[in-house]
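*Asks:* Following this message is one structure expressed as structure tokens.
Residue numbers (my numbering): 1 to 235.
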């Protein structure tokens with residue numbers, strides 16, 4: 001069984017060297033992960049898109065040399081309060097999908113307007129780790145409304161496993177049980193602690209929504225994003 005991770009800090013704000021990135025890829029490979037979307041944070045420091053692609057190419061060359069069966073794809077986790085023109089330039093693998101991160105402390109009142117601007121530009125926003133946001137923990141319907149309008153949600157593996165705290169875990173499992181989660185990602189930052197592993201979270205998700213639907217969140221849906229295809233929602 002192979003999985004795809006569409007949110008992983010495989011360089012920049014995660015590991016501090018290419019060697020550490022390689023160690024992360026080794027861990028991912030052992031867990032059955034075959035594809036990783038590198039998602040450096042785009043917030044206070046705006047990293048040129050071309051630099052991300054260059055680093056991804058360099059890392060892929062290194063992984064091939066070392067015989068590690070993981071492919072790295074370019075992407076980013078973009079701060080939602082940046083100018084929409086900046087947000088829309090950081091798509092996943094040059095598709096129309098863009099990973100969007102709201103402030104850690106709240107969901108801004110103009111969130112709907114932000115999302116509308118991104119969608120109007122022809123992009124498909126994927127809201128990352130909403131279950132860790134205090135506003136969503138208190139009122140999950142905040143993002144459930146977004147999902148009902150066709151927006152996509154991605155939760156973190158460690159959230160499902162309770163490693164981000166009980167409130168975060170309960171929120172993640174609630175959103176999952178309500179059928180509004182489209183992706184489970186590792187959001188790994190290093191080869192220690194927050195590592196690129198999905199198998200444990202997949203087991204938890206399978207107990208909640210069934211193995212077929214859970215697999216879709218770590219395999220089928222992420223690959224559809226990378227290919228620039230629409231998601232398949234049939235059960």
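C-beta atoms are modelled at their ideal positions from N, C-alpha and C, and glycine is treated no differently. Please read these numbers as outputs of a predicted model, since none were measured by experiment.
Using three-state DSSP, classify residue 125 as helix, strand or coil.
*Replies:* The answer is strand: DSSP assigns residue 125 an E or B state.
*Asks:* Give, in chain order, every unbroken run of the beta strand (DSSP E) that is at least 3 residues long and sits entirely within the segment 96-121.
*Replies:* Correct list: 97-101.
*Asks:* What are the boundary residues of the alpha helix (DSSP H) that residue 87 is part of?
*Replies:* Note, residue 87: alpha helix (DSSP H), 84-87.
*Asks:* Counting pairs of Cβ atoms below 8 Å between the segment 69-88 and the segment 37-53, do you hit three or more?
*Replies:* Yes, since at least three Cβ pairs between the segment 69-88 and the segment 37-53 fall closer than 8 Å, the two stretches touch.
*Asks:* Nearest-angstrom Cα distance between residue 220 and residue 30?
*Replies:* Cα-Cα distance, rounded: 20 Å.
*Asks:* Between residue 128 and residue 146, what straight-line distance do the alpha-carbon atoms span, to the nearest angstrom?
*Replies:* Cα to Cα, residue 128 sits roughly 13 Å from residue 146.
*Asks:* Kindly list the residues whose CB is nearer than 7 Å to the CB of residue 94, restricted to its own chain and excluding five residues on each side of it in sequence; keep chain order.
*Replies:* No residues qualify anywhere along the chain.
*Asks:* Which of the three DSSP states, helix, strand or coil, is assigned to residue 142?
*Replies:* Three-state result, residue 142: helix.
*Asks:* Would residue 56 and residue 225 qualify as a contact pair, given that the criterion is a beta-carbon distance under 8 Å?
*Replies:* Not in contact: residue 56 and residue 225 (Cβ atoms no closer than 8 Å).
*Asks:* In chain order, what residues of the same chain lie with their CB nearer than 6 Å to the CB of residue 231, ignoring the 5 residues before and after it?
*Replies:* Cβ within range, chain order: 221, 224.
*Asks:* Quick check on the DSSP output: the alpha helix (DSSP H) that includes residue 201 runs from which residue to which?
*Replies:* Note, residue 201: alpha helix (DSSP H), 199-209.
*Asks:* Would DSSP call residue 77 helix, strand or coil?
*Replies:* DSSP places residue 77 in strand when its eight states are reduced to three.
*Asks:* Which residues mark the beginning and the end of the beta strand (DSSP E) in which residue 37 is found?
*Replies:* Here the beta strand (DSSP E) through residue 37 covers 33-38.
*Asks:* Exposed or buried, residue 187, counting other C-beta atoms within 10 Å across all chains shown (16 or more means buried)?
*Replies:* Buried, because 16 or more other Cβ atoms sit within 10 Å of the Cβ of residue 187.
*Asks:* Excluding five sequence neighbours on each side, which residues of the same chain lie with their C-beta closer than 7 Å to the C-beta of residue 90?
*Replies:* Excluding residues within five positions, the ones whose Cβ falls inside 7 Å are 42, 49, 76, 78, 98.
*Asks:* Looking at the secondary structure, which residues open and close the alpha helix (DSSP H) in which residue 174 lies?
*Replies:* Per DSSP, residue 174 belongs to the alpha helix (DSSP H) from 166-177.
*Asks:* How is the alpha helix (DSSP H) around residue 27 delimited, first residue to last?
*Replies:* First-last of the alpha helix (DSSP H) with residue 27: 18-30.
*Asks:* Tell me whether the segment 159-176 and the segment 137-144 touch, counting them as touching only if at least three CB pairs, one residue from each stretch, are closer than 8 Å.
*Replies:* Yes, the segment 159-176 touches the segment 137-144.
*Asks:* Residue 80 to residue 132, Cα distance in whole Å?
*Replies:* Cα-Cα distance, rounded: 15 Å.
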